[in-house]
Every structure is written in structure tokens, then in C-alpha cells.
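Residues -15 to -1, 1 to 256 (mature numbering (1 follows the signal peptide of the UniProt record, and there is no 0)) make up the sequence shown, in order. Glycine included, C-beta positions come from ideal geometry on N, C-alpha and C. First comes the structure, then the notes that go with it.
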Amino acid sequence: MWLLTVLLLWVPVDGQVDPTKAGITLQPPWVSVFQEETVTLQCVGPRVPGNSATLWFLNGTATPTSTPSYSIASASDRDSGEYRCRTGLSVLSDPVQLEVRRDWLLLQVSSRVVMEGEPLALRCHAWKNKQVYNVFYYQNGKVIKSFNRNSDLTIPKTNINHNGIYHCSGMGRNRYTSAGVSVTVKELFPAPVLKASVTSPLLEGNLVTLSCETKLLRQRPGLQLSFAFYMGSKTLQGRNTSSEYQILAARSEDSGLYWCEAPSKHNSVSK
């Protein structure tokens, strides 16, 4: 008889953008701004050659703007809302929620909704770019980073533990605290499970099939897992598109701890 044990691992995958869907980028790259500040939204997507016509929507209503760039010279309350765009050869973009506020201190984030593995940038921004010192960043009420002089905070690769409410505080003439901002990290796939399919009773010479099982929650062109199988520190099967590995004739020396992983090119997500 021999022993088979299973280990759950994190599986990496690269997120890719649907090439038929338009996307919106912001300059500066923040989804909340102060009144009177300038912001430009850019619609990125496939176009008919020689035709840059772009459709822009604000809160579901078409706007007069038909250029790839949507410029706001002096932001006001009426510019707050949900923006979407479409190019000549694309489908409608995902919404981007722009918020225009009038406070003394504003926590700016690069996006309120991110996919696992994507970066998240945060900025503690004062009205009229006034100097702020002794800056603290918080997640769900707990300090996650502090700076003597104001500085942006970047999370290079987000995971579901980065869900939550973020805010910041800083010292000007007084101690100021920003409003909270909700950030949602969407899971690409659940943690995988290594399963074994064996005949019973398990005897030497029997076939054993190992399956590294997980399910992509977001199907997109080019989004694919590759798999590798190990026994202890020994590689049984390197990166491969197959999620199964077979032991054709089990022997006593096959007893051990088995585990699997699905590495990605950039290791953007690990489970």
C-alpha cells in the first residue's frame, strides 16, 4: 500500500482584456477629483481605419463628445457619474465612476473595482495641492502605511484580502481625515483542489489519475491556466495545459505528498 496526500495551492493566471471591448483610461489616473480640477478620459479600443469617431455616455445618456478624449477643464458636481464609451469596432466599455468632491483631504484611488493581480494606487490629496505631512493610510480602520512626507501608496498585485474601505489622514494646519472609499477586488478563480481517481482497493500496479481542479470565474480570450504536478520537491509534470497527471502503474515508491500548481507567465495571481 502507498500513501497519497493532497495539498491545496495558489494557482497563478494572467488577466487579459477582451480585445472587442473598449476601455477608459484617466489622466490623472484617479476616479475621484476635487472641484475645479482638470481630468481627461480616453477611450481605447479597435477603430475603423481613418475613423476616430467615439460615442461617450454619462449616466446612460449620450454626450455631444465624439472624439477619443473626453476633457473636463474644471470639474463640477454635474461631471460626477458613470462614464462609458464605444469605438467603431468595439462593444461598450465597462463603466468608470468619476466622483467630483469638495473637501480638504481626498483619498484618490486608481480604480474602485480591480481584478486579482492588478495593481492599485492610492493617493492622499489635499485641496489646491497643499502640503500634507504625517500621512496615514487605512484599510478597514487599521493603519497599513504611514509617511512623514506625503507619498502615494501602491499595491503591486491585489488579492481578495485587499477588499475593504480605505481612507487617509494627514497634517496641514490641523489633522484632516478623508472620506472612506470602497475598493472591490474581483476573484479570477477559487483556490484549486488536487483530487485522485483510483480503483479500490489501491494496489501496486493500479492506475492513478491526479486532477488539479479549479474554475475560471471570468472567461476571456487568451485567459488560460497551465498546470504542473509534483511529489514533494520532485517535478512529475512541468507546465502543461492538461490538468491531469497519470501514474500508470502505482508502486510503493510512489507513496508521498503530491501537489499541483498552475504557474502563469508573469505570476500575477498565486493560489
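Distance cut-off 7 Å: residue i Cβ against heavy atoms of the ligand GDP
i      : result
Glu189 : Although the ligand GDP was asked about, the structure shown includes no ligands whatsoever.
Rounded C-alpha distance that separates residue i from residue j
i           : j      : result
Val16       : Cys197 : 39 Å
Leu83       : Ser228 : 42 Å
Ala247      : Phe174 : 12 Å
Ile140      : Ala111 : 21 Å
Leu(-9)     : Tyr243 : For Leu(-9), the pLDDT reaches just 34, beneath the cut-off of 50, and the residue's location in the model is therefore unreliable, leaving the point undetermined.
Ile129      : Pro31  : 40 Å
Ser37       : Cys70  : 12 Å
Gln209      : Gly217 : 26 Å
residue 257 : Thr169 : Given that the chain is displayed from residue -15 to residue 256, the structure contains no residue 257 and the question cannot be resolved.
Pro14       : Asp79  : 16 Å
Asn191      : Asn148 : 46 Å
Tyr122      : Arg97  : 16 Å
Trp(-6)     : Glu103 : A caution first: Trp(-6) carries a pLDDT of 28, below 50, which makes its placement in the model unreliable, though a value can still be read off. In a straight line, the C-alpha of Trp(-6) is about 16 Å away from that of Glu103.
Thr226      : Leu233 : 19 Å
Asn125      : Leu92  : 14 Å
Asn159      : Asn114 : 15 Å
Thr46       : Leu40  : 10 Å
Gly241      : Ala164 : 53 Å
Leu138      : Ser59  : 26 Å
Ser51       : Asp62  : 22 Å
Gln116      : Thr5   : 43 Å
Lys180      : Leu221 : 16 Å
Leu77       : Arg134 : 41 Å
Pro186      : Lys127 : 53 Å
Ala7        : Glu101 : 20 Å
Limits of the unbroken beta strand (DSSP E) element including residue i
i      : result
Leu221 : 219 to 225
Thr194 : 193 to 198
Phe132 : 127 to 134
Thr231 : Looking at the sequence provided, one finds Gln at residue 231 rather than Thr. Here the beta strand (DSSP E) through Gln231 covers 229 to 232.
Phe174 : Here Phe174 belongs to no beta strand (DSSP E), and DSSP marks it neither H nor E.
Leu179 : 178 to 183
Leu77  : Note, Leu77: premise wrong, no beta strand (DSSP E); not H, not E.
Ala213 : 212 to 216
Ser17  : 17 to 19
Leu40  : 40 to 43
Ile57  : 54 to 57
Val99  : 98 to 100
Rounded Cβ spacing between residue i and residue j (contact assumed at less than 8 Å)
i      : j      : result
Val193 : Val178 : That belief does not hold up - the Cβ atoms of Val193 and Val178 are roughly 16 Å apart, past 8 Å.
Tyr68  : Leu26  : 6 Å
Tyr151 : Trp89  : Incorrect: roughly 18 Å between the Cβ atoms, too far for contact.
Val94  : Ile9   : Incorrect: roughly 15 Å between the Cβ atoms, too far for contact.
Cys28  : Thr72  : 6 Å
Reference residue i; option with closest CA among the options
i      : options                        : result
Gln20  : Tyr123, Ile140, Leu26, Arg86   : Arg86
Leu202 : Pro186, Glu172, Gly190         : Glu172
Ile57  : Gly157, Leu11, Trp89, Asp239   : Leu11
Leu107 : Ser65, Ser167, Tyr68           : Ser167
Glu238 : Lys6, Glu189, Ala7             : Glu189
Arg224 : Cys28, Ser211, Gln231          : Ser211
Tyr118 : Ile145, Ser61, Arg63, Gly155   : Gly155
Lys219 : Cys245, Met100, Leu195, Ser51  : Cys245
Ile145 : Asn135, Ser136, Val99          : Val99
Glu22  : Gln231, Ala181, Lys127, Asp64  : Asp64
Ser136 : Thr143, Lys142, Val120, Lys127 : Val120
Leu43  : Ala176, Tyr55, Ala181          : Tyr55
Thr48  : Ala176, Gln116, Gly66          : Gly66
Per DSSP, the bridge partner or partners of residue i
i      : result
Glu67  : Gln82
Gln116 : Beta-bridge pairing links Gln116 to no other residue.
Thr139 : Ala106
Ala111 : Leu90
Gly8   : Val29
Arg160 : Met156
Ala47  : Phe42
Val24  : Ile57
Val254 : Note: Val254 sits in no beta bridge, so no partner.
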